[in-house]
DNA sequence: CGTGCGGTTGATCCGAGTCAAGCCAAGTGG
DNA sequence: CCACTTGGCTTGACTCGGATCAACCGCACG
């Protein structure tokens, strides 16, 4: 019921044998010979929600593309507080390329399936496959752009603005079900870590929006946007 | 006196005719034929401190490499508040590649010299020059990594921690002069915009560090680190 | 049944933003 | 040469948003 039925997604991903890397954006540009080369390198790995694929500061020995599931990219402070620096969805490339150490941790927040490649081998392949490197560059630039907007949000927006902004982005990216409900793929804690807020503040602001009629929260992992324009107004100022 | 004498830098950059793009990291990997192709595309442009090279939201028609000077990358809020999302130094590539609109503004904060290329032509060249695209990818990944640490800072660190972190990074990147002084390339306002703090808070925290003996501020554009380890302790917690 | 976990709610506190003066050095014009 | 302005910076007083601390709720699970 909650989320988009991860089991089905996982089965679909596992049974897909046509494309060696899950990302259509990458795969579409590969000549057949390179697809085969990629396929020969890969290893499929499944993770349960909560399991970590890579640790910040650890040696970067493998990279992967996501076939199914959602990952959080995070950094930790010495005192244990965590900050999410991004999310990764099916099709995204994860892991540190062209660098010896991982610059952030990667943790599955739903059950997930990955195509894992040894980093060195993948880098060699990229070096001889301009289409692949181009796709990686385009993705990195898009990530960079997103990271910059996130910086603006973290540095300048108030708590309600941050929550409203997140809800709007989520709504834009998700297809609502028949009842107009959207799955919230994060716990309150993760939401706080993403928005740079305490868990209590997240909870309160969601409640405020519900009381003011902008949204409904049928359960704490679901969302219905009742007044998009109103929410957008809150997000902007 | 303040900064590293931008005039000299500019003259040096202007008289450099051997390398079509200022970035050694890019240029070193280019075969001679491609260097010539790049050179044919380029146009040299000089900007005075405060002039803007690209506006957030504007069509992306040109890209450039920095030969001399420092640029700020910034985003603006509707209410006029600004957030710096990064700095760009000589050798860095600026401007939006592979996208129709600029995702942030670029403003010279010192006098500067650029090698400007039409975006479309540069992209075509990149498409046929794997070494160039590889260099761009490596740079984008490094930028991304830096952006992520910046996110952590903006979301989680206290004002004194942010200021201390910045001072340490600056000290690490700069060569002090004979008197141990380091040039601060930003105004208080820009410092605030970078660290997500008000100008008053920046001023106060710098003063606090001076009074506590961690640093000295001979003038408001110069810095002497008196107690690096102590400053590092403040930055961490 | 307890127990633990995720979430909510309330009370309190403090850090940093805001507002308002004031300082100082560099113009600028009479 | 001096009065006046201007812009970047500092300092102080006050305010308030969001963190923190602490209960408490409801549900799943052993």
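Residue numbers (the working numbering), protein chains in the order written: chain A, 1 to 237; chain B, 1 to 237. For glycine and all other residues, C-beta sits at the position ideal for the given N, C-alpha and C.
Chain A within 8 Å of residue i, Cβ atoms only
i	result
residue 88/B	no
residue 156/B	yes
residue 138/B	yes
residue 141/B	yes
Closest by C-alpha distance to residue i, when choosing among the options
i	options	result
residue 147/B	170/B, 194/B and 209/B	194/B
residue 61/A	94/A, 228/A and 161/A	94/A
residue 160/B	52/B, 97/B, 42/B and 205/B	205/B
residue 86/B	133/B, 224/B, 104/B and 134/B	104/B
residue 180/B	211/B, 186/B and 223/B	223/B
residue 48/B	177/B, 178/B, 157/B and 70/B	70/B
residue 157/B	76/A, 172/A, 122/A and 36/A	76/A
residue 238/A	98/A, 126/A, 192/A and 178/A	Residue numbering for chain A in the displayed model covers 1 to 237; residue 238/A lies beyond these limits and cannot be assessed.
residue 131/B	143/A, 127/A and 74/A	127/A
Contacting residues, own chain, Cβ-Cβ under 8 Å from residue i (five flanking each side not counted)
i	result
residue 50/A	107, 108 and 109
residue 188/A	199, 202, 203 and 220
residue 96/A	54, 60, 63, 102, 103 and 119
residue 100/A	59 and 60
residue 190/B	72, 84 and 109
Min CB distance residue i to chain B below 8 Å
i	result
residue 148/A	yes
residue 133/A	yes
residue 246/A	Limits of chain A in this structure are 1 at one end and 237 at the other, which puts residue 246/A out of reach.
residue 151/A	yes
residue 11/A	Bear in mind that the predicted position of residue 11/A carries a pLDDT of just 39, short of 50, making it unreliable; the figure below should be weighed with that in mind. No - not a single Cβ of chain B is within 8 Å of the one on residue 11/A.
residue 22/A	In this prediction, residue 22/A has a pLDDT of 47, which is less than 50 and means its spatial position is unreliable; nothing more can be read from the coordinates.
Neighbourhood of residue i by C-beta, 6 Å cutoff - its chain only, sequence neighbours within 5 removed
i	result
residue 196/A	154
Backbone secondary structure at residue i - three-state DSSP
i	result
residue 229/B	helix
residue 107/A	strand
residue 207/A	helix
residue 87/B	strand
residue 47/B	strand
residue 174/B	coil
residue 141/B	helix
residue 61/B	coil
residue 81/A	coil
residue 160/A	helix
residue 52/B	strand
residue 195/B	helix
residue 71/B	strand
residue 184/B	coil
Close-in-space but distant-in-sequence residues of the same chain around residue i (CB under 7 Å, 5 per side omitted)
i	result
residue 45/B	114 and 116
residue 174/A	182 and 183
residue 55/B	102 and 105
residue 168/A	231, 232 and 235
residue 213/A	226 and 227
residue 122/A	41 and 63
Can you list, in chain order, the residues of the region 97 to 109 of chain A whose Cβ is nearer than 9 Å to any Cβ on chain B? 97, 98, 99, 103 and 104
Which residues, in chain order, does the region 118 to 131 of chain B contribute to contact with chain A at a C-beta distance below 9 Å? 126, 127, 128, 129 and 130
Near-chain B residues of the region 60 to 89 of chain A - C-beta to any C-beta below 8 Å: 73, 75, 77, 78, 79, 81, 83, 85 and 86
Listed in chain order, which residues of the region 182 to 200 of chain A have Cβ atoms closer than 7 Å to some Cβ of chain B? 196
If you measure beta-carbon to beta-carbon, which residues of the region 216 to 237 of chain A are closer than 9 Å to chain B? Sequence-ordered contacts of the region 216 to 237 of chain A with chain B read 236 and 237 [C-beta pairs closer than 9 Å].
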